[in-house]
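In our numbering, the protein residues as written are 76 to 999.
Single-structure report; data block below.
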């Protein structure tokens with residue numbers, strides 16, 4: 076028996092050796108022709124008609140052992156041509172086949188090309204683009220967005236290193252630089268703002284179902300718009316690829332704060348869907364002529380709702396021509412409840428002018444409809460059309476109870492300054508975007524890329540209402556507080572932005588190499604942007620006769636009974652009207668020269684020559700005869716980007732550029748915007764700041780799907796723009812070029828690692844992956860009283876001689892741990908734990924020994940689970956903001972010399988609550 080076993084083992088060994096010796100090997104390297112034959116990792120290599128296959132490694136290399144014979148090798152990668160190459164394999168020999176893949180169709184002898192559309196939804200494809208690009212690239216694709224359970228673009232962008240999102244305002248901060256320093260585009264063309272207070276449209280109104288990928292470029296390139304200091308955030312709209320489909324999803328959820336309330340209130344008027352718009356009545360100076368009630372209305376729809384319908388199909392016209400169409404529509408409705416302090420007018424000694432406790436009920440909706448058509452005319456020409464409609468609405472019904480030093484009620488000393496304010500605000504934005512972009516390849520050397528877009532934005536506050544109440548003379552009942560126009564009013568605001576934009580770039584490849592790629596490329600082009608802004612507001616203020624009107628406290632919520640014709644009598648009212656009209660015209664010519672100085676070193680030299688005109692004219696209560704603020708400037712804006720390939724897995728990149736930052740229209744108009752506890756006023760003497768930007772980065776790609784990168788960056792900002800307190804007892808906030816220079820320096824770290832990946836015999840995976848990014852930021856700016864006094868109509872007495880930049884956090888961090896388990900084909904589960912953090916952030920610069928307003932650090936933890944029950948049916952669960960941290964804005968009196976004993980005083984405080992969501996989707 077022992078002999079027989081030994082004989083069997085020897086026989087098997089000899090057979091195995093014999094078989095191995097009779098096999099041959101196919102090996103080689105796959106490269107990307109579009110990037111001068113950079114290695115193409117993670118691509119597929121398949122021996123046609125067999126089960127033999129391999130994937131290229133991080134260096135694009137592959138190897139397959141197979142019996143001798145004639146075969147066809149199929150090379151493919153998502154978004155690239157599929158290439159079939161005949162190969163003859165000989166025993167004990169290695170056949171080397173190196174292949175370059177391209178995203179454009181072509182035909183070579185013995186090679187058959189089959190085109191497939193480019194897709195940048197996958198994390199691997201975006202990492203590959205980052206590795207091969209000369210410029211700094213950073214992006215998040217649809218695959219990663221889905222894995223992390225992200226519902227809107229703002230939260231998606233905040234997962235990129237160096238980026239944070241302010242949940243209070245919805246603004247995105249890049250490297251500590253806020254709204255004014257960033258640029259938002261759709262397919263490379265600019266988007267209008269939806270709020271007069273903002274330069275950019277709020278990204279949280281964009282749902283992620285419209286997104287193919289989101290690029291975040293923190294370095295300036297000459298073809299991009301130069302009103303830039305933080306990042307250019309470019310949303311690439313989704314294109315159809317793959318098999319025709321129809322997909323429908325439905326979801327529900329709730330906010331824990333809302334579930335904890337016995338009643339949920341909103342103002343009267345707006346509809347649940349957010350489309351209804353209330354107009355000004357014929358006789359607006361009579362408080363009883365409005366079609367909507369002054370009183371709150373209870374809302375029974377406290378659950379959140381989500382609906383999405385998407386479809387895609389490709390229509391083949393002939394062998395070379397096709398149209399890939401994609402359409403999606405979605406609706407979401409969310410409710411929130413917050414409560415906490417809302418304070419304003421805090422003095423240097425800690426006295427609080429307005430000290431309220433605020434309860435806020437919020438309902439917001441987003442309706443999105445988008446259609447895209449990707450028309451491939453032939454192998455060298457294509458056109459991409461995008462049409463987007465978006466309607467977003469925000470309702471905020473808030474009640475403020477507390478003290479205000481202007482209150483003049485009855486009763487004892489405390490009652491005299493005590494009162495109650497209720498305000499209902501409905502904001503609605505409608506955005507329509509139509510874009511046409513194209514690519515034309517004349518030959519291997521000449522290429523043309525172009526785009527034109529027209530967008531219309533209508534942002535309105537239709538029928539904001541406020542009532543203010545103080546104690547009646549008897550100290551028991553209540554009556555109206557009528558000290559100023561803001562106390563009891565109806566407010567209507569409309570901001571219209573129309574924008575035309577056009578880009579065109581002609582590129583020429585030169586200095587051809589032996590492998591048919593080129594060392595250099597010259598790109599010249601034009602970039603234009605023409606924005607017209609029209610803003611108007613009307614406020615109708617009411618002054619009820621306090622000597623004849625009083626009521627019990629519970630009737631604060633039955634004001635209609637006291638603002639009726641029977642009670643109005645000798646009361647009076649007035650009308651306030653303010654407006655501004657502005658335009659921003661940019662005409663720019665640009666040129667880039669990209670050249671490979673050696674096999675390892677490439678550079679891009681760029682220049683943008685730009686004529687800029689920004690004009691705004693206005694009529695306000697403080698300037699009733701009207702005035703204007705105009706600026707015209709010619710800018711020469713150079714840029715340099717270089718990449719040195721240390722080895723096949725590592726890159727070293729450097730960039731330097733000059734850009735600028737414009738003030739926004741609202742900031743240049745002397746209109747006073749009054750919130751309940753804080754007022755803001757524009758400054759027509761604002762002017763643009765100049766930015767000098769530097770980046771040095773190292774990238775390491777250990778293997779497929781993994782990345783380690785470190786980037787050091789610095790900026791010098793001349794004449795930075797900041798929010799500051801006016802040097803007055805009111806502590807209103809305004810805007811100014813507060814000093815000569817600001818300095819920014821920091822470092823970013825990004826890490827992506829597959830902890831383990833197990834694949835069984837059925838090709839089913841179990842995978843645990845981790846990614847994290849963090850940033851450290853140092854900012855410092857000088858604060859000059861003399862500069863502000865000389866350049867403006869108001870004075871400054873800064874509490875400190877220097878400070879951080881407003882909006883800047885010293886530390887930012889994001890971390891995600893994801894687990895994937897595939898049970899069988901079409902059935903799997905993915906879970907992700909997601910964490911984010913930003914440290915203290917300067918909001919407003921203090922003056923007159925008043926401390927800075929600072930937003931305190933926030934931690935955020937989310938849990939996401941997605942399960943494929945079948946190939947068609949998916950179930951998702953999201954639990955956001957698990958830690959439910961408090962948002963606190965404090966006035967830092969404890970850091971003011973001589974005021975340390977006062978300590979820090981809370982100005983705003985609340986908790987947003989946790990959100991959970993359950994979704995079910997089916998794809999036909």
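Glycine included, each C-beta is placed from N, C-alpha and C at the ideal position.
What you are looking at is a predicted structure, and each value in this text was computed from that prediction instead of being measured.
With 16 other Cβ atoms within 10 Å as the buried cut-off, status of residue i
i, result
"residue 405", "buried"
"residue 992", "buried"
"residue 392", "exposed"
"residue 369", "buried"
"residue 596", "buried"
"residue 480", "exposed"
"residue 521", "exposed"
"residue 84", "Note that residue 84 scores 45 on pLDDT, short of 50, meaning its location in the model is unreliable; the coordinates nonetheless yield the value given after this. Flag for residue 84 reads exposed."
"residue 77", "Because residue 77 sits at a pLDDT of 43, beneath the cut-off of 50, its placement in the model cannot be relied upon, and the following sentence gives the value as read from the coordinates. Exposed, by the Cβ-count rule."
"residue 399", "buried"
"residue 504", "buried"
Residue of the options minimising C-alpha distance to residue i
i, options, result
"residue 265", "602, 221 and 919", "602"
"residue 843", "800, 907, 770 and 278", "907"
"residue 764", "684, 304 and 128", "304"
"residue 221", "941, 622 and 98", "941"
"residue 710", "240, 285 and 300", "300"
"residue 696", "648, 659, 756 and 381", "756"
"residue 348", "737, 409, 761 and 389", "409"
"residue 101", "114, 158 and 173", "173"
"residue 981", "139, 968 and 964", "964"
"residue 945", "958, 961 and 900", "900"
"residue 628", "744, 920, 202 and 494", "494"
"residue 177", "290, 115 and 225", "115"
"residue 549", "626, 541 and 501", "626"
"residue 791", "818, 460 and 775", "818"
"residue 395", "604, 456 and 208", "456"
"residue 508", "556, 677, 590 and 261", "261"
"residue 686", "699, 828 and 707", "707"
"residue 431", "662, 384, 689 and 753", "753"
Helix, strand or coil at residue i according to DSSP, with G and I counted as helix
i, result
"residue 794", "coil"
"residue 142", "coil"
"residue 37", "Past the edges of the chain, shown from 76 to 999, lies residue 37, and the structure says nothing about it."
"residue 781", "coil"
"residue 969", "helix"
"residue 904", "strand"
"residue 877", "strand"
"residue 489", "helix"
"residue 220", "helix"
"residue 801", "coil"
"residue 202", "helix"
"residue 866", "helix"
"residue 187", "Any reading at residue 187 must be qualified, since the residue scores a pLDDT of 36, below 50, and its modelled position is unreliable; the value itself is stated next. Residue state, collapsed to three classes: strand."
"residue 331", "helix"
"residue 545", "strand"
"residue 891", "strand"
"residue 861", "helix"
"residue 941", "strand"
"residue 230", "helix"
"residue 989", "coil"
Item to check | Length-filtered (3 minimum) beta strand (DSSP E) runs lying within the region 251 to 306 | outcome: Complete beta strand (DSSP E) runs here, min 3: 258 to 261 and 286 to 292.
Next on the checklist: Which complete beta strand (DSSP E) runs does the region 583 to 657 hold, if anything under 3 residues is left out?
Outcome noted: 593 to 618
Next on the checklist: Assess contact between the region 931 to 944 and the region 908 to 918, defined as three or more Cβ pairs (one per stretch) separated by less than 8 angstroms. Is contact present?
Outcome noted: yes
Checklist entry - Residue ranges of each alpha helix (DSSP H) run of no fewer than 4 residues wholly in the region 711 to 759, ordered along the chain? => result none
Next on the checklist: Does the region 658 to 678 come into contact with the region 622 to 640, if we say contact requires no fewer than three beta-carbon pairs (one atom in each stretch) closer than 8 angstroms?
Outcome noted: no
Checklist entry - Do the region 437 to 446 and the region 316 to 328 touch if we need at least three Cβ pairs shorter than 8 angstroms? => result Fewer than three pairs of CB atoms, one per stretch, sit closer than 8 angstroms, so the region 437 to 446 makes no contact with the region 316 to 328.
Checklist entry - Unbroken beta strand (DSSP E) runs of length 3 or more, entirely within the region 456 to 528: which are they? => result 456 to 479 and 493 to 516
Checklist entry - Does the region 507 to 526 come within contact of the region 473 to 493, defined as at least 3 CB pairs closer than 8 angstroms? => result no
Next on the checklist: Would the region 565 to 574 count as touching the region 608 to 620 if we require 3 or more Cβ pairs under 8 angstroms?
Outcome noted: They touch, by the three-pair rule.
Checklist entry - Contact between the region 767 to 776 and the region 717 to 735: three or more CB pairs below 8 angstroms? => result yes
Checklist entry - Quick one: complete alpha helix (DSSP H) runs, 4+ long, within the region 330 to 383? => result 331 to 334
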